[in-house]
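Read through the structure below, which is laid out as C-alpha cells, and then see the notes.
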Amino acid sequence: MGRKLNIPTTIEWTDATWNPVVGCRRVSPGCEHCYAERFSHRMASHPHPRIAQEYAGLTQIVNGHPAWTGRFRELPDRLEQPLTWRKPRRIFVNSMSDLFGEGVSDDFLDGCFAIMALASQHTFQVLTKRPERLRRYLTAVPEEGCGWVPGALPRWNIQGAIDQLTGESDRAFSDDQWDMSDGGLSDHWPLPNVWLGVSCEDQRWADERIPLLLATPAAVRFISAEPLLGPVDLLRLTPHGHHDYLTGERLTARVKDYTAGLDWVIAGAESGPGARLMDEEWVRSLKDQCVAAGRPFFFKQAAVNGRKIHTPLLDGRRWMEYPRKAVVSG
1264 MGRKLNIPTT IEWTDATWNP VVGCRRVSPG CEHCYAERFS HRMASHPHPR IAQEYAGLTQ
1324 IVNGHPAWTG RFRELPDRLE QPLTWRKPRR IFVNSMSDLF GEGVSDDFLD GCFAIMALAS
1384 QHTFQVLTKR PERLRRYLTA VPEEGCGWVP GALPRWNIQG AIDQLTGESD RAFSDDQWDM
1444 SDGGLSDHWP LPNVWLGVSC EDQRWADERI PLLLATPAAV RFISAEPLLG PVDLLRLTPH
1504 GHHDYLTGER LTARVKDYTA GLDWVIAGAE SGPGARLMDE EWVRSLKDQC VAAGRPFFFK
1564 QAAVNGRKIH TPLLDGRRWM EYPRKAVVSG
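Counted the way the numbering used here counts, the sequence shown spans residues 1264 to 1593.
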C-alpha cells in the first residue's frame, strides 16, 4: 500500500510531505526561483529508473537553468502513502507541484481527498496558487441538479472514492440522499483535518487569491507569504469597500459573500541562487496585523546572501504559532 519513497522535508511548518502529483507551470513572480523546479530536474537523473521516469520530461533547460515544461503527472502508486503513517503528523500536500494544477484531473482530486478523509489522524496542509480551481472544485454541483447545495458534487465523488478504497462500492444512494446517515461525509464537510491555503508573494496576488480562498469551504484557511516580495496589507481599502482578510468582516464584489477570515499567516524570504531581498518591515507588518487580530503567525525563514536562516528572531522572539483548533466554516 503506497510508495516507500518519501522526500524528506525541511519545511519548518510541517512534519512531512506527500506528493501524489509532480510537475508544474509558473503562474506568478513567486515561481521565478522555484525549488521544486530545480529538484525535479535533478530527480529526472536519479539512478533508480522508476524515480527518474516519474520526473522525466517535467523540466527543460532554458537559458542555462531548469524550467517547468508545464506538464503535470499523477502518481497513483503514491496515493495511499498517508494511510501507512500511523503517528499523527502535519502533512504538506504536493511540495513538488500544485494539487489544483491544470493537468490534474477531478477524478484524481477525488482520490486525494478520499485519502485525506480516511487518514483522519493527520492534518493535511494544501497550498495552491490556483484558488479559482480550488473554489470551483469544492463548491461544484451536478450539472443536472436542482436545489443542490454548493459542494454537493465533490462530496458525492469523494464519498464514491472512499467506498472504492474501503470496499463499500455497492453503497446505494438516492438522488437527494445527502444526510448519508450511514457514515458518509455529511457530518464531516468540509473535512476538519484539511487546511486550505494560497500563496501571496505581494499585495497584487493577495488581492487576487485571498478572496477566492475565503469563499471556499474549509476547516482552516491560511496564506503563505513566501517568497515575500513586497508588503502585504490584510486590511484593504478598495473601490468596493474595506476588506479585512483576517476577520472576514467585509465582503468582496469578485465572488459571493464571505464571512470567515484567515486562520493562519506564514511569511518567509526567498533563499537559494538568485534569491530576491525581503525587507524585515514587510514581515513585521504582517506579524503586527496578526497580533492585532488575534491570529497565529509563523515566520518561516530569512535569508542572508541566499543562505536560509530557519525560524529567525523577530522583535526578540521566534514566531512559530499554529491555529489552535480547526473551526469548520462554510
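Think of the CB as a built atom: it goes at the ideal place given N, C-alpha and C, for glycine as much as any other residue.
Local conformation of residue i per DSSP, three classes
i	result
Ala1565	strand
Thr1386	strand
Trp1545	helix
Leu1525	coil
Arg1479	Per the sequence shown, residue 1479 should be read as Thr rather than Arg. Here Thr1479 sits in coil by DSSP.
Met1306	helix
Ile1425	helix
His1328	strand
Glu1395	helix
Trp1281	strand
Ala1488	strand
Met1583	strand
His1451	helix
Phe1335	coil
Val1290	coil
Member of the options whose CA lies at the smallest distance from the CA of residue i
i	options	result
Gln1316	Trp1458, Arg1305 and Asp1526	Arg1305
Arg1472	Ala1481, Thr1479, Val1461 and Ala1482	Val1461
Gly1430	Leu1372, His1573, Leu1381 and Ala1555	Leu1381
Cys1463	Trp1452, Leu1454, Leu1497 and Leu1448	Leu1497
Cys1297	Gly1557, Asp1426, Ala1424 and Ala1538	Ala1538
Arg1587	Ala1565, Gly1569 and Phe1560	Phe1560
Glu1543	Gln1564, Pro1536, Arg1558 and Gly1557	Gln1564
Arg1393	Pro1312, Thr1479, Lys1571 and Ala1424	Thr1479
Arg1353	Gly1423, Ala1556 and Trp1276	Trp1276
Asp1373	Asp1578, Leu1428, Ile1314 and Gly1579	Leu1428
Alpha-carbon spacing of residue i relative to residue j, whole angstroms
i	j	result
Asp1442	Cys1294	Here the model assigns Asp1442 a pLDDT of 36, short of 50, so the residue's position is not dependable and the matter cannot be decided.
Leu1342	Leu1576	37 Å
Asn1456	Ala1481	9 Å
Glu1337	Ile1274	23 Å
Glu1406	Glu1365	21 Å
Leu1477	Phe1363	16 Å
Asp1445	Arg1418	Low confidence applies to Asp1445: its pLDDT is 45, below 50, so where it sits in the model is not reliable enough to give any reading.
Leu1416	Val1404	5 Å
Phe1302	Ser1360	11 Å
Ala1307	Val1554	44 Å
Pro1536	Gly1569	6 Å
Pro1312	Trp1281	20 Å
Phe1371	Asp1551	40 Å
Gly1414	Arg1467	28 Å
Phe1562	Gly1410	44 Å
Leu1509	Ser1487	13 Å
Asp1507	Ala1556	10 Å
Trp1452	Ala1566	39 Å
Ala1424	Leu1397	19 Å
Arg1581	Ile1572	12 Å
Val1325	Leu1540	24 Å
Ala1279	Gly1511	30 Å
Integer-rounded CB distance, given that residue j should sit under 8 Å from residue i
i	j	result
Phe1335	Cys1287	7 Å
Thr1332	Leu1346	Between Leu1346 and Thr1332 the Cβ distance is about 31 Å, and since that is not below 8 Å, they are no contact.
Ile1421	Phe1387	That pair is no contact at about 13 Å.
Gly1531	Glu1584	About 14 Å; that fails the 8 Å criterion.
Val1528	Phe1485	7 Å
Tyr1400	Asp1426	Not confirmed; about 20 Å, so no contact.
Met1379	Leu1448	Incorrect: roughly 12 Å between the Cβ atoms, too far for contact.
CB contact flag (residue i, residue j, <8 Å)
i	j	result
Leu1492	Asp1465	yes
Val1209	Leu1549	Nothing can be reported for residue 1209, as the shown portion of the chain is limited to 1264 through 1593.
Asp1300	Ala1330	A small fix is needed here, since residue 1300 is Glu in this sequence, not Asp. For Glu1300 and Ala1330, yes; Cβs fall inside 8 Å.
Val1389	Trp1458	yes
Leu1525	Glu1395	no
Pro1606	Gln1384	Past the boundaries of the shown model lies residue 1606; the chain is included only from 1264 to 1593, so the question cannot be answered.
Val1290	Asn1357	no
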